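Worksheet: one structure, shown below.
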Amino acid sequence: MRQHPRKSTPKVKKGKVQKKNNHQETPNYWNTRQPEVIVDKEKPGEGFRHYLTKQDVLNFIALIPNWYIISKGLNAIILDSGNQGCDGWYEFSTGVIGICAWPKDLSIEMDNDFFFAHRELFERLDIHYTIQDRDLGCPWYYEERGEVDEARKYAYNIICEFTPNQVKAYQLLHILLHELGHHYDLITTKSKRRATRGEQFAEDYAFEHEAQIWQNYLKKFPLY
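Sequential numbering of the sequence shown, starting at 1167, is according to the working numbering.
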């Protein structure tokens, strides 16, 4: 961890609170319930960039129906540093959502399964993509066994070419809504201690609410 000059108000890094001289944790959104959702921002990290601003997040959540219900127990939304293996995250124990910074290179090689599961959304956002056949060696092997999904999983090299506004739309309309789906899962379970319905619930939640918000999103945010 990089050393900082001594400060009277300690910084919070990834949920770990530096302690003051009196050895008491400073209240913050990681350890204290907040009266309203805080939007915060971390440095994007080398090779990444934040295409979203904190104001973008605030403007977007104003479009979400019943936000006062959905946001119950949600303490913060963080524009987090970039991570090649992660678009976003939700920490149920603290009520914090993270949206990871996006690569500076806007051309993204896409996993086959993920692309086809989100193709309708990418086309709605008018994201340019190229699909090139990959030599499977013996694609008939999968067809004979009826494993069409297995063939599709490895069949193509797929490149999606985003624009900054398309990154913003994808992160708000899908990544943030997906993580909110996990939070809604948590607050609607009986125990309210863990999100139990998993990734498919969060995906369904994101697609359903994206459809509800779409027209209002276009009025508030430019897509081109």
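All residues carry an ideal CB built from backbone N, CA and C; glycine is no exception. Owing to the predicted nature of the structure, the values given are computational and were not obtained by experimental measurement.
Of all the options Tyr1217, Val1262, His1216, Asp1253, which has the alpha carbon lying nearest to the alpha carbon of Arg1199?
Comparing Cα positions, the closest option is Val1262.
What number of angstroms, rounded off, separates the C-alpha of Thr1401 from the C-alpha of His1348?
Outside the displayed range of the chain (1167 to 1390) lies residue 1401, so it cannot be described from this structure.
Less than 9 Å separating the beta-carbons of Phe1258 and Leu1352?
If you check the CB distance, Phe1258 and Leu1352 come in under 9 Å.
If you drop the 5 nearest sequence neighbours on each side, which residues of the same chain put their C-beta closer than 8 Å to that of Glu1374?
Nothing meets the Cβ criterion.
Report the residue from Arg1290, Tyr1350, Cys1252, Gln1337 whose alpha carbon sits nearest the alpha carbon of Asp1222.
The candidate whose alpha carbon is nearest that of Asp1222 is Gln1337.
Anyone know if the C-beta pair for Ile1274 and Leu1245 falls short of 9 Å?
Cβ distance not < 9 Å, so Ile1274 and Leu1245 don't count as in contact.
Please name the residue or residues paired with Asn1323 in a DSSP beta bridge.
According to DSSP, which records beta bridges pairwise, Asn1323 is partnered with Gln1298.
CA-CA distance, Val1203 and Cys1326?
Distance from the CA of Val1203 to the CA of Cys1326, rounded to the nearest whole angstrom, comes to 32 Å.
Ordered along the chain, which non-local residues of its own chain (more than five positions away) have a Cβ less than 8 Å from that of Asn1188?
Any reading at Asn1188 needs caution, since the residue's pLDDT is 49, under 50, leaving its predicted position unreliable; the model's value is listed next. Close CB contacts of Asn1188 within its chain, under the 8 Å cut and outside five residues either way in sequence, are absent.
Near Leu1240, what residues of its chain come up, given a Cβ to Cβ distance below 6 Å and the 5 sequence neighbours on each side ignored?
Excluding positions up to five away in sequence, the list reads Val1203, Gly1261, His1349.
Which residue or residues does DSSP assign as beta-bridge partners of Ser1273?
Note: Ser1273 sits in a beta bridge opposite Glu1327.
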